[in-house]
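Participant:
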Amino acid sequence: MENSKISTFKVAATYIGTVVGAGFASGQEMLQFFAVFGAKGLWGLLIVTALFMVFGYIIMEIGRGLKTESHLQIIKHSGGRFLSPIIDYLITFFLFGALTAMIAGSGALVKQQFGINPLWGNLIMATFTALTVLTGIKGVINSISAVVPFLVTSAVGISFASILFIQPKSRTYELVAATAPASTSGLISNWLWAAILYVSYNMVLAISVLGPLGVQAKNKSALRNGAILGGIGLGGSAIAIYFAMERNLETVKDMEIPMIYLAGSLSYVLQILYALVLIGEIYTTAVGSLYGFSARITDINSNKAKFYIIGATILALAASQLGFSNMVKYLYPVVGYGGVVLLVCLVITRFKPVKNA
């Protein structure tokens, strides 16, 4: 039985793949949460790296102790009678919202890059996402962990290449002053709060996969090392994209998908390839979101689960017609505010004995 459990690498890769989505790979998250704060944004990302390691481990450890199949057991254990329903509703809402945003984003991307009717992009993403989740948690882990190395390498590679070969717009080159606009949404007031909110909303999204992932880990050592490696991978990738965004801030600050622009500035072929990478990023987030949402509303191992999975996908496909562009700007910070409560509860819970539900 132990041999069927997953290794440190798969724990880390699944963790990274759950967090790394369209907002991350497009450059929007690094732009709106960190690059606008200049040098202080870099300090924020160092804090983010540490917090990803800590909270990734806490969630997986609690999930392992509770033998959880969804985020609900963790929330009940962490939030108590009063807070757990609020946190549960927040997470469930955001999982569906993230799924909808990813389906919408896939349509917007194929229209922008390939001139294809966005509905085809929506349909293809929805179909592949549903088919993956129908295979169960092992299928989710395998699909995400297989894609992640290529995704992270591509994002970091484009970032470093843009730093080396793209000449930024003429300005006295120094990290942007703290007087730069805090966020295009106006919801983030300073670099430290940006770092906390960034980790917060990512944990809201990731808890639905990280909890069951803790159960699947080979042992506690694989779980702990996977959390550390995952946090470093996330932080390192984010810092690389941050430098690319900051260096070209005057050019990319108003763009929907700044990383696509940077890739295109290097080579048209790289632009097309990175568009495909971004589709992969969207896929990993969509899969994690649909699995977490479905596991919350039904017994994911039951025969009826497939009807809930397909039904949720169809609803998200319909809702995706409302569009993608404002999700990172408005929804993510708002969910992050609510997620701070979750982080506090998790820290307190770390010192409570785990009782199997």
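Note that this note's numbering has the sequence shown beginning at 459, numbered continuously upward.
The beta carbon of each residue, even a glycine, is placed where N, CA and C say it ideally should be.
All values derive from a computational prediction rather than experimental measurement.
1) What are the uninterrupted segments assigned as beta strand (DSSP E) that are 3 or more residues long and contained completely in the region 657-688, given in chain order?
2) Measure the beta-carbon distance from residue 775 to residue 575 and round it to whole angstroms, keeping in mind my assumption that it falls under 8 Å.
3) Please determine, among 751, 694, 471 and 663, the residue with the shortest C-alpha to C-alpha distance to residue 800.
4) Compare the beta carbon distance of residue 697 and residue 610 with 8 Å and say whether it is the shorter of the two.
5) Can you list the alpha helix (DSSP H) stretches of 4 or more residues lying completely in the region 754-810, in chain order?
6) Count the C-beta pairs between the region 737-745 and the region 529-542 that are closer than 8 Å, then say yes if the count reaches three, no if not.
7) In chain order, what residues of the same chain lie with their CB nearer than 6 Å to the CB of residue 471, ignoring the 5 residues before and after it?
8) Quick one, are the C-beta atoms of residue 613 and residue 723 less than 8 Å apart?
9) Nearest CA to the CA of residue 700: which residue from 615, 577, 570 and 572?
10) Given that a residue counts as buried once 16 or more other Cβ atoms are within 10 Å of its Cβ, and exposed if not, what is residue 476?
11) How would you call residue 498, buried or exposed, if buried means at least 16 neighbouring beta carbons within 10 angstroms?
12) In its own chain, which residues sit with a C-beta less than 8 Å from the C-beta of residue 463, not counting the 5 before and 5 after it?
13) Starting from the C-beta of residue 493, find all residues in its chain whose C-beta is less than 7 Å away, skip the five residues before and the five after it, and write them out in chain order.
14) Let me know the alpha helix (DSSP H) ranges lying completely inside the region 708-750, each 4 residues or longer, listed in chain order.
15) For a quick check, are the C-beta atoms of residue 419 and residue 750 less than 8 Å apart?
16) Compare the Cα-Cα distances from residue 547 to each of 754, 468, 685 and 469 and report the closest residue.
17) Taking the alpha helix (DSSP H) that residue 464 belongs to, which residues open and close that run?
18) For residue 588, collect the residues of the same chain with a Cβ closer than 8 Å to its Cβ; drop the 5 residues on either side in sequence, then sort them by chain order.
19) Are residue 820 and residue 549 close, meaning C-beta to C-beta below 8 Å?
20) So residue 513 and residue 804 are in contact, right, with Cβ under 8 Å, and what is the actual spacing, rounded?
21) Taking all protein chains shown into account, decide if residue 522 is buried (16 or more other Cβ within 10 angstroms of its Cβ) or exposed.
22) Using the beta-carbon count (16 or more within 10 Å), is residue 623 buried or exposed?
23) Measure the alpha-carbon distance for residue 577 versus residue 794 and round it to whole angstroms.
24) Under 8 Å, with one C-beta from each stretch per pair, do the region 502-519 and the region 653-663 reach the 3-pair mark?
25) Report the three-state DSSP secondary structure of residue 482 (helix, strand or coil).
26) Give me the Cβ distance between residue 507 and residue 684, rounded to the nearest whole Å; I'm assuming they're in contact under 8 Å.
Facilitator: The short version:
1) Within the region 657-688, no run of beta strand (DSSP E) reaches 3 residues while sitting entirely inside it.
2) Not really, about 14 Å apart at Cβ, beyond 8 Å.
3) Selected option, being the one with the closest Cα: 663.
4) Taking C-beta atoms as the reference points, residue 697 and residue 610 fail to come closer than 8 Å.
5) The DSSP assignment places 763-777 and 790-807 as complete runs of the alpha helix (DSSP H) inside the region 754-810, in order along the chain (cut-off: 4 residues).
6) The way I'd put it, the region 737-745 doesn't touch the region 529-542; fewer than three beta-carbon pairs between them come closer than 8 Å.
7) So the list reads 603 and 606, once near-sequence residues are dropped.
8) Their beta carbons are not under 8 Å apart, which means residue 613 does not touch residue 723 by this criterion.
9) Closest by alpha carbon: 615.
10) So residue 476 ends up on the buried side.
11) Burial call: buried.
12) Cβ within range, chain order: 674, 675, 676, 677 and 680.
13) Excluding residues within five positions, the ones whose Cβ falls inside 7 Å are 499, 700, 703, 704 and 707.
14) Within the region 708-750, the runs of alpha helix (DSSP H) that reach at least 4 residues and sit entirely inside it are, in chain order, 716-724.
15) Any property of residue 419 remains undetermined from this structure, which presents the chain solely from 459 to 815.
16) Residue 754 is the option with its Cα nearest to residue 547.
17) From DSSP, residue 464 is part of no alpha helix (DSSP H); its letter is neither H nor E.
18) Scanning its chain for C-beta atoms nearer than 8 Å, with the 5 sequence neighbours on each side dropped, one finds around residue 588 the residues 748, 767, 768 and 771, in chain order.
19) Because the chain in this structure spans residues 459 to 815, residue 820 falls outside the shown range and cannot be described.
20) Sure, about 6 Å apart at Cβ, within 8 Å.
21) Around the beta carbon of residue 522, 16 or more other beta carbons sit within 10 angstroms, so the residue counts as buried.
22) Burial state of residue 623 is exposed, judged by a 10 Å Cβ sphere holding fewer than 16 other Cβ atoms.
23) Between the alpha carbons of residue 577 and residue 794 lies a gap of roughly 30 Å.
24) The region 502-519 is in contact with the region 653-663.
25) Per DSSP, reduced to three states, the secondary structure at residue 482 is helical.
26) Between residue 684 and residue 507 the Cβ distance is about 15 Å, and since that is not below 8 Å, they are no contact.
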